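Notes to accompany the following structure.
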Amino acid sequence: MFTITEARQRLALSGMRLTRRDREFRVAFAELPYSKAEPSAYYTDDLEDAVLTGARMRATPPLDAALQIRAR
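Taking this note's numbering, I'd label the letters of the sequence shown as residues 9 to 80.
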């Protein structure tokens, strides 16, 4: 089990951002501004799921996110 701080640190190492609102976690690409990252953002209420999915997202980014990251 992770603390929120540990989860944020792990995801930051792989270029992902973890935010929390109430009981929900949002994982998104850190390189993109909020509005551009929203289409590929992942929402969950499980912190461990957020960390594992964030790692998978970085390994296989969707095409729209990959193109936006390269364009920066």
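Backbone N, C-alpha and C define an ideal beta-carbon position, used for all residues, glycine too. From a predicted model like this one, the values you see are computed outputs, not experimental measurements.
In this chain, the beta strand (DSSP E) harbouring Glu-32 covers 32–37.
In the DSSP assignment, the residues bridged to Thr-52 are Phe-33. Comparing alpha carbon positions, the residue from Arg-31, Arg-29, Thr-52, Ala-36 closest to Leu-19 is Ala-36. Met-24 sits buried, since 16 or more C-beta atoms from the chains shown fall within 10 Å of its C-beta. For a cut-off of 8 Å, the C-beta gap from Leu-26 to Gly-62 is around 7 Å, short enough to register as a contact.
The Cβ atoms of Ala-15 and Ala-58 lie closer than 9 Å to each other.
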